[in-house]
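So the structure is just underneath, and the comments pick up after that.
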């Protein structure tokens, strides 16, 4: 790999009111697990600790993925897109990514017949937050 | 697949000022190609035409992917996440996804040594907009 730019220039948190979109992809299977948000603090902690940390827009605070459920994401690689307002994390997902008990948050497929469940539920949602 | 909810309830454009995040993933390789945005109109046109249509936040209008470059995305499947504010498109990418000439917009990897180019440039960016 050849050097590109300094790390200081990316991600660019100025475009999205201090947030960038963050995609978590299963490093082993390539499945897209979830999309969330990061502010500069969440990103810095993710880089420093090697665990995915997001920013919860609804709760207005850092969201250390798996802090309650134990379903952490171990970050194997971080990529940033061309305009620096989105990051891609390749992660090792412990347990399931989705609070509804599915491996991926994208378990619903939109089809001509409506929205269908396209993946098996692996964990009872009530159990997700009992395993911490 | 079992029916889940009505298609009318998803995506939910009310959370993100009328926009949802949209991830395009290569249907064949699983590579994440790009992250962009959709408003309700862009989503509806994507579903109707089977070609990825986004909403350009910077230009403030619909962005029919590939309209200038010819590098369209043929949509093979659409998924929506658990809280309905992000969609995942599995696409057949014609040409390259990135306007900088890379297959994926996530061609830069963040490493302890800085940000490095982690993929080959396949097309001269000047050529991208000459092929339309």
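Protein chains in written order, with our numbering: chain A, 1 to 132; chain B, 1 to 132. All C-beta atoms in this analysis are idealised placements derived from N, C-alpha and C, irrespective of residue type, glycine included.
Rounded to the nearest angstrom, what separates residue i and residue j at their Cα positions?
i: residue 91 (chain A); j: residue 28 (chain B); result: 20 Å
i: residue 98 (chain B); j: residue 63 (chain B); result: 14 Å
i: residue 57 (chain B); j: residue 83 (chain B); result: 22 Å
i: residue 45 (chain A); j: residue 53 (chain A); result: 7 Å
i: residue 22 (chain A); j: residue 128 (chain A); result: 22 Å
i: residue 66 (chain B); j: residue 87 (chain B); result: 19 Å
i: residue 42 (chain A); j: residue 111 (chain B); result: 17 Å
i: residue 18 (chain B); j: residue 48 (chain B); result: 19 Å
i: residue 113 (chain B); j: residue 76 (chain A); result: 15 Å
i: residue 157 (chain A); j: residue 37 (chain A); result: Because chain A is modelled from 1 through 132, residue 157 (chain A) falls outside the range shown and cannot be assessed.
i: residue 69 (chain A); j: residue 68 (chain B); result: 46 Å
i: residue 78 (chain B); j: residue 39 (chain A); result: 28 Å
i: residue 55 (chain A); j: residue 106 (chain B); result: 21 Å
i: residue 115 (chain A); j: residue 85 (chain A); result: 30 Å
i: residue 61 (chain A); j: residue 93 (chain A); result: 22 Å
i: residue 117 (chain A); j: residue 117 (chain B); result: 37 Å
Does any CB atom of chain A fall closer than 8 Å to the CB of residue i?
i: residue 44 (chain B); result: no
i: residue 139 (chain B); result: The structure shown does not extend to residue 139 (chain B), since chain B is modelled only from 1 to 132, so the question has no answer here.
i: residue 50 (chain B); result: no
i: residue 122 (chain B); result: no
Name, please, each residue of chain A whose Cβ falls closer than 9 Å to the Cβ of residue i.
i: residue 108 (chain B); result: 4, 5, 10, 79, 80, 81, 82, 84
For residue i, go through chain B and note every residue whose CB falls closer than 8 Å to its CB, in chain order.
i: residue 99 (chain A); result: 82
Does any heavy atom of the ligand FMN sit closer than 7 Å to the C-beta of residue i?
i: residue 121 (chain A); result: With respect to the ligand FMN, the structure offers nothing, as it holds no ligand at all.
In chain A, which residues lie less than 8 Å from residue i when you measure between Cβ atoms?
i: residue 60 (chain B); result: Within chain A, no residue comes near residue 60 (chain B); the closest Cβ sits about 14 Å away, beyond 8 Å.
Closest Cβ-Cβ distance between residue i and chain B: below 8 Å?
i: residue 132 (chain A); result: Any reading at residue 132 (chain A) must be qualified, since the residue scores a pLDDT of 44, below 50, and its modelled position is unreliable; the value itself is stated next. No - not a single Cβ of chain B is within 8 Å of the one on residue 132 (chain A).
i: residue 34 (chain A); result: yes
i: residue 118 (chain A); result: yes
i: residue 152 (chain A); result: With chain A running from 1 to 132 in the structure shown, residue 152 (chain A) is simply not present.
i: residue 13 (chain A); result: no
i: residue 128 (chain A); result: no
i: residue 30 (chain A); result: yes
i: residue 125 (chain A); result: no
Is the beta carbon of residue j closer than 8 Å to that of residue i?
i: residue 12 (chain A); j: residue 34 (chain B); result: no
i: residue 101 (chain A); j: residue 124 (chain A); result: yes
i: residue 119 (chain B); j: residue 104 (chain B); result: yes
i: residue 10 (chain A); j: residue 108 (chain B); result: yes
i: residue 32 (chain B); j: residue 32 (chain A); result: yes
i: residue 134 (chain A); j: residue 74 (chain A); result: Residue 134 (chain A) lies beyond the residue range present for chain A, which begins at 1 and ends at 132; the question has no answer from this structure.
i: residue 122 (chain B); j: residue 25 (chain B); result: no
i: residue 16 (chain B); j: residue 30 (chain A); result: no
Please compile the residues from chain B whose C-beta is within a distance smaller than 7 Å of the C-beta of residue i.
i: residue 137 (chain A); result: Since the first residue of chain A shown is 1 and the last is 132, residue 137 (chain A) is not available in this structure.
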